[in-house]
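These notes are about the structure you will find just below.
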Amino acid sequence: MITLDHITKTYNKGQFTAVKDISFEVQPGELFGLIGPDGAGKTTLFRILTTLLLPDQGRAVVNNFDVVKDYAKIRSCVGYMPGRFSLYQDLTIEENLNFFATVFGTTIEENYDLVKDIYQQIEPFKDRRAGKLSGGMKQKLALCCALIHKPAVLFLDEPTTGVDVVSRKEFWDMLKRLKQEGITILVSTPYMDEANRCDRIALMQKGSILSIDTPDGIVKAFPEELYAVRSSQTHSLLREVRAYDGTDSCFAFGDSLHVTFKTGKSQDLLPYLKSKGQTDATIQPIEPGIEDCFIHLLKG
Amino acid sequence: MKTLRFLLEKEFRQILRNRQILRTLLIAPVIQLILLPLAADYSVKNISIVVVDNDHSPISQRLINKITASGHFRLTGYTASYNEALTMVEQDQADIALQIPTNFERDLVRENAKQLFIAVNAIEGTKANLGGAYLNTIIRDYNADIRIRWQSPNPTAAAPATNPGATPSTASTITAAPASHGTPTANTPVPQITATSSNWYNPYLNFKLYMVPAILVVLVTAMAAMQSAFNIVQEKESGTIEQINVTPIKKHWFILGKMIPFLVLGIILFTLGLLVGWLFYGIIPVGNLLVLYASLIVYLFAMLGLGLLLATYSGTQQQAMSLAFFFINIFNMMSGVFTAIDSMPGWAQAIVATFPPSHFIKIMRMVVLKGSGFSDIVYPITAMAAIGLVLNTWAVLNYRKTN
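Protein sequence lines, in the order shown, are assigned to chains A and B. Counting with this note's numbering, you get residues 1 to 300 for the letters of the first sequence. Counting with this note's numbering, you get residues 301 to 703 for the letters of the second sequence.
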């Protein structure tokens, strides 16, 4: 459904490379996630795929249309929700939705089924101007506007950035339902915990893809054993675990440290910490998460 | 066409909803049009004059009376020495110093001629120029006056001379003298040649008649070029233009959708302006309104093209604003609103010829004051259309390139 073939894009006359030699494919009906921190090149990929930007090199195909040659055809069959809220703030919810329906030559009624679940949540405020909506409502409206013409492919650039936890969860539930409608979805997010909601993910960093797989596959590929280390003095604990000569890597994750060891060195950590005064330190093996994998890939 | 209708519906909805913009677009220009012509009046009043009368004769007294009675001058000082008068000029208490020499009356009678000395403070150019000219006219009148009064048929009565100027730039002059001197034959009519002029199309040289149409153009210019640019740049700033770009809307529809609302607003503003001109200044266009409005539409086409072009070169409204101010200031000062284009150097005139407002101001004055028809304005209207075509093409090409 979406194919990228060695896509490269530079800015400032080639001085800054935004994305470098990116190739991957998204299958029809797939919910595909681009996961990576700010500046990884996610938005650049979206802008190329939505025909807003020309790639320097490489070819990209969306819904069997070339993004350069057939850009006009792509524009009528994709929905795009940019990272920044970009609807008309001075028009109401209903006027925005109506406007985008009409420019695609359709009406709200025609595709009401598709947006119903989402639109019903904001419908009580339909006469309110978009600029006066809360973050979560803006996001729902933007999704409605991107969906109102029943696109074959939906591009969502960081849809959950700046949205509260409950709305984020709701949003991903909505994406799941849209996927069941057969819409191919490419979504980006800087939140690693959202990666598990995707069918497949691409981990991106500095314009390159580190790994592409299912979330499970990526976790399974984690080559080492991972331990969570806790104590009451988290701050000094980090320093001391890093100072321990058997430690391979150590990162703070909330109230615990995620640690990998050089072969066979895990058992000796607790005695070492005790000798340093960390008497209540505990260690237990854990399953790695996407973030652990990401950090591991960055290191490699 | 259907797309255009939706776009227009959206634009008008947004514009009508933004009361602040609506106020600045329509009410502010009306207020400006009521106020600005009051300032744009070249007739100079209340010129302060200081007189150094070294003669103290009836003739010098009568001259001073005549000057103060003219209504243009205010006698702010009557000093004994020229230096005192000059001090008053330096202290800004007087704009003009008039020195009447000793024995003015006697020499005038005996020698048929005597010089007066005028020093003008030229810091305010217009005031100095016109003040000096007014004073010269009064003195010339006065000169003729005493000649007739003395009933002297001797026509050889002129001996003007000029005096070199003193510190503040000067216009110094004259007074020719009468010719009494025991001349014969009284009551013979004096043969004289006088040229009288009459002002066509604006017989009383009413400045407002001349300024109001031009100021209206200035206001329409600001509205058309700036607001259209800001509106488009605002879509860039808010990211909505990207959202529009991923829809099947064609660029030319989008651009038309932006231009037509401002064309309509421009026409409304222009109509309001004509009404203000009629209500406040009693100006009724002599010419055909159809000619005026046809020219207006061509003009707006050109200026909206400029706004569009500015928008393609600006990423933020602030950038658009500074760019627009640059052009608007040049347009206002150089397009013949206040000063005649004909008096500029040739190369400057060539530049001004590329400014749409210069052509439209010309058309406005021709149609409003003189009643010119289409055949008289072929050149300026064609020029505006050509400039508009260039600006719009440039804008569309640049819009494609940057997006």
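Ideal Cβ positions, reconstructed from N, Cα and C, are used throughout, including at glycine.
Contact of G539 of chain B with chain A is assigned, a C-beta pair being separated by under 7 Å. Using a CB distance below 7 Å, the part of the stretch 529 to 560 of chain B facing chain A consists of S538, G539, T540, E542, Q543, N545, V546, T547, P548, I549, ordered along the chain. Beta-bridge pairing by DSSP links D127 of chain A to no other residue.
At a cut-off of 7 Å between beta-carbon atoms, F65 of chain A makes no contact with chain B.
Cβ-Cβ distances below 6 Å link G135 of chain A to G162, V163 in the same chain, with the five nearest sequence neighbours on each side left out; the list follows chain order. At least one beta carbon of chain A lies nearer than 7 Å to the beta carbon of R317 of chain B.
Nearest to S275 of chain A by C-alpha distance, out of A:L237, A:V259, A:D255, is A:L237.
Short of 8 Å from the beta carbon of Q617 of chain B, and not among the five residues preceding or following it, lie these beta carbons of its own chain, in chain order: F530, V533, Q534, E537. Going by DSSP, C293 of chain A is part of the alpha helix (DSSP H) stretching over 290 to 299.
Using beta-carbon distances, Q314 of chain B counts as an interface residue toward chain A, with a partner under 7 Å. Around the beta-carbon of F16 of chain A, fewer than 16 other beta-carbon atoms lie within 10 Å, marking it exposed. Under the DSSP assignment, K551 of chain B falls in the alpha helix (DSSP H) whose first and last residues are 551 to 581. Residue state for D66 of chain A is assigned as strand, using DSSP reduced to three classes. With contact defined as three or more Cβ pairs closer than 8 Å, the stretch 101 to 111 of chain A and the stretch 81 to 90 of chain A are not in contact. For I48 of chain A, the CB contacts under 7 Å within the same chain, skipping 5 residues up- and downstream, are I7, K9, P55, A60, V67 in chain order.
Three or more pairs of CB atoms, one per stretch, sit closer than 8 Å, so the stretch 545 to 559 of chain B contacts the stretch 597 to 608 of chain B.
Between P329 of chain B and L519 of chain B, the CB-CB gap stays under 7 Å.
At the C-beta level, L4 of chain A and M81 of chain A stay beyond 7 Å of one another. Residue contact check for F562 of chain B against chain A: no CB pair falls below 7 Å. Considered as a whole, the stretch 320 to 348 of chain B harbours 328 to 339 as its complete alpha helix (DSSP H) runs of no fewer than 4 residues, in chain order. Under the Cβ criterion of 7 Å, K310 of chain B is counted among the residues facing chain A. When C-alpha distances from Q139 of chain A are compared across A:R84, A:K116, A:R129, the shortest belongs to A:R84.
When rounded, the separation of the alpha-carbon atoms in G33 of chain A and D199 of chain A is 8 Å. Against chain B, the CB of R128 of chain A has no partner CB under 7 Å away; the residue lies outside that interface. Residue state for A413 of chain B is assigned as strand, using DSSP reduced to three classes.
Of the residues assessed, E123 of chain A falls on the exposed side of the cut-off, its CB having fewer than 16 other CB atoms within 10 angstroms. Excluding its 5 nearest sequence neighbours in each direction, R230 of chain A has C-beta neighbours in its own chain below 6 Å: S256, T282, listed in chain order. K42 of chain A is classed as buried because its beta carbon has at least 16 other beta carbons within 10 Å across all chains shown. DSSP places L154 of chain A inside the beta strand (DSSP E), whose first and last residues are 153 to 156. Beta-bridge pairing by DSSP links E25 of chain A to A:T3.
A residue is called buried when at least 16 other Cβ atoms come within 10 angstroms of its Cβ; I515 of chain B meets this threshold and is buried. Cα atoms of K670 of chain B and I367 of chain B: separation of roughly 35 Å, rounded to the nearest angstrom. Taking the Cβ atoms as the reference, L609 of chain B lies roughly 34 Å from L509 of chain B, outside the contact range of under 8 Å. In the structure shown, the three-state DSSP call for K262 of chain A is coil.
Secondary structure in the stretch 215 to 292 of chain A: the alpha helix (DSSP H) runs of 4 residues or longer, each lying completely within the stretch, are 215 to 220, 234 to 243, 269 to 275 in chain order. Against F306 of chain B, the close residues of chain A are F99, T102, V103, in the order they occur along the chain (beta-carbon pairs closer than 7 Å).
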